[in-house]
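Enquirer: Quick one: this structure, given as structure tokens, is what I'll be asking you about.
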Amino acid sequence: MVELIAPQSSLKALIAKGKEQNYLTYAEVNDHLPESISDPDQVEDIIQMINDMGIKVF
């Protein structure tokens, strides 16, 4: 159960940082993604979700 909480917490921290800066880099997104997410389509879905929140990723 702890494994599920940590990645979610990490993504929340990433989104908070993005809202503060109004942007994120691909490196920041990659650093905060759980290791279990390695499929490029999953990564793109997460980046799209972040973009939909008004946070630019470049």
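With the working numbering as the guide, the letters of the sequence shown map in order to residues 1356 to 1413. Backbone N, C-alpha and C define an ideal beta-carbon position, used for all residues, glycine too. Source: prediction; values computed, not measured.
Return the CA-CA distance between I1370 and I1405, expressed in angstroms with no decimal places.
Expert: Here residue 1370 refers to the residue found at position 15 when the sequence shown is read from its first residue. Here residue 1405 refers to the residue found at position 50 when the sequence shown is read from its first residue. Straight-line Cα distance between these residues: approximately 7 Å.
Enquirer: Near H1387, what residues of its chain come up, given a Cβ to Cβ distance below 8 Å and the 5 sequence neighbours on each side ignored?
Expert: The residue you call residue 1387 lines up with position 32 of the sequence shown. Taken in chain order, the residues that qualify are S1365, L1366, A1368 and L1369.
Enquirer: Assign L1369 to one of three DSSP states: helix, strand, or coil.
Expert: Counted from its first residue, the sequence shown places residue 1369 at position 14. Correct three-state label for L1369: helix.
Enquirer: Can you have a look at G1409 and say buried or exposed, based on whether 16 or more other CB atoms are within 10 angstroms of its CB?
Expert: Sequence index remark: in the sequence shown, residue 1409 carries index 54 (1-based). Result: exposed.
Enquirer: What's the C-alpha gap between L1359 and P1389?
Expert: Taking the sequence shown and counting its residues from 1, the one referred to as residue 1359 is at position 4. Taking the sequence shown and counting its residues from 1, the one referred to as residue 1389 is at position 34. Summary for L1359: the model assigns pLDDT 45, below 50, so the residue's position carries little reliability, and this model does not support an answer.
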